[in-house]
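Each residue of the sequence shown is one higher than the last, beginning at 1140 in this note's numbering.
The beta-carbon is built from N, C-alpha and C at its ideal position, and this holds for glycine as well.
Notes to accompany the following structure.
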Amino acid sequence: MTKESAKQALYDFFKANHCQPVVFKNDRVTIRDIIPAHANKLQSSRFIALDDTLLYANLLANFVKQDTDNRIRKLIDLGAGSSLPTIKINLELDKPRKLRVVCVDSDKDAIETSYKNTKACDLSSHCEFVHNDMLLYLKGLTIREGDVVVSNPPYLPVHDNVDKNLFAPVNGGKNGTACIVPVLTQSFPKGTRLVLRWCSLSNPKKIIKLINENYKVLHLEAFIEGFGFYTSQGCMKDYLKGLLDDAMVYYSVEGNNQRKLISIGCVLEKS
Ligand SMILES: C[S@@+](CC[C@H](N)C(=O)[O-])C[C@H]1O[C@@H](n2cnc3c(N)ncnc32)[C@H](O)[C@@H]1O
1140 MTKESAKQAL YDFFKANHCQ PVVFKNDRVT IRDIIPAHAN KLQSSRFIAL DDTLLYANLL
1200 ANFVKQDTDN RIRKLIDLGA GSSLPTIKIN LELDKPRKLR VVCVDSDKDA IETSYKNTKA
1260 CDLSSHCEFV HNDMLLYLKG LTIREGDVVV SNPPYLPVHD NVDKNLFAPV NGGKNGTACI
1320 VPVLTQSFPK GTRLVLRWCS LSNPKKIIKL INENYKVLHL EAFIEGFGFY TSQGCMKDYL
1380 KGLLDDAMVY YSVEGNNQRK LISIGCVLEK S
């Protein structure tokens, strides 16, 4: 494999799915940018990259807006964090259309924040809160008609010598795919839809191969953005550079040494 091949794999995938990456300015996103009307009642979880939460919220909101024949009944949100994205969706739906949401997270504080946020918006009766590892939860999951699995999982490659607590919300294991691969290889029934976010640091060649083998891509979007809070931490620099040299990840380095990754959202249908 050449050094360029992670980038090549990504751009081939974008081209095959009619996706043109656009530039996204990821600084200074606040809860107000996600849910303006209720921002003062809401809080974020330990995951503080709200730009990522905003892109996930928009991906989900657009997906639900396309559901004109009301096929979606329940969203199973793996790694729900603060639940701001699914709250945004339910606030935008008329009362009879509000969706059931299962909020799954391994962080007890995130589940508590989810509960408080849904309660503050009078939505907690639509939600179920599951404090569990998403991989364990998936093992016992039965998909029913109208269920959609949605996830903005931890998708960054993280090595052992980092502050485990700080990186817990984004730690996707050594190559960033510890949660994504089990989700993509889960034996969901044919036709199950999966809304998923990942990025050019999450071993894109592996993810693209799994998507192409198991799913039809219904929608693909990509955003070129500067490194953020987690990716800019000094402890990540050499590790990411090593992965770049091994063509396991892709990011660009601009003239002013600013590093940029591609963040990706997709809607998939199990083949
Ligand atoms: C990238 S954050 C996204 C949070 C939220 N979905 C959002 O978009 O703001 C990933 C979330 O997954 C949770 N998480 C990490 N590993 C997990 C695991 N193995 N099982 C369940 N949740 C996990 C973290 O606690 C965190 O809340």
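- Counting the other CB atoms within 10 Å of its CB gives G1279 a total below 16, which places it among the exposed residues.
- Counting the other Cβ atoms within 10 Å of the Cβ of C1374 gives fewer than 16, which makes it exposed.
- The DSSP-derived three-state label of V1392 is strand.
- Between the alpha carbons of T1207 and N1201 lies a distance of about 11 Å.
- When the alpha-carbon of L1359 is set against those of I1319, K1180, P1160, the nearest one is in P1160.
- Per the C-alpha coordinates, the member of V1203, N1300, P1296, T1331 positioned closest to I1319 is P1296.
- Taking a cut-off of 8 Å for Cβ pairs, the region 1335 to 1344 and the region 1397 to 1406 touch, as three or more such pairs fall below it.
- With a cut-off of 8 Å on Cβ pairs, the region 1320 to 1333 is in contact with the region 1268 to 1277, counting three or more such pairs.
- Taking a C-beta distance under 7 Å as the contact criterion, S1341 and T1316 qualify as a contact pair.
- V1309 places its beta carbon 7 Å or farther from that of L1214.
- Our two residues, K1154 and N1351, have alpha carbons roughly 14 Å apart in a direct line.
- Here R1171 carries a helix assignment [DSSP, helix/strand/coil].
- Every beta strand (DSSP E) of 3 residues or more that sits fully in the region 1349 to 1396 is shown, in chain order, as 1354 to 1365.
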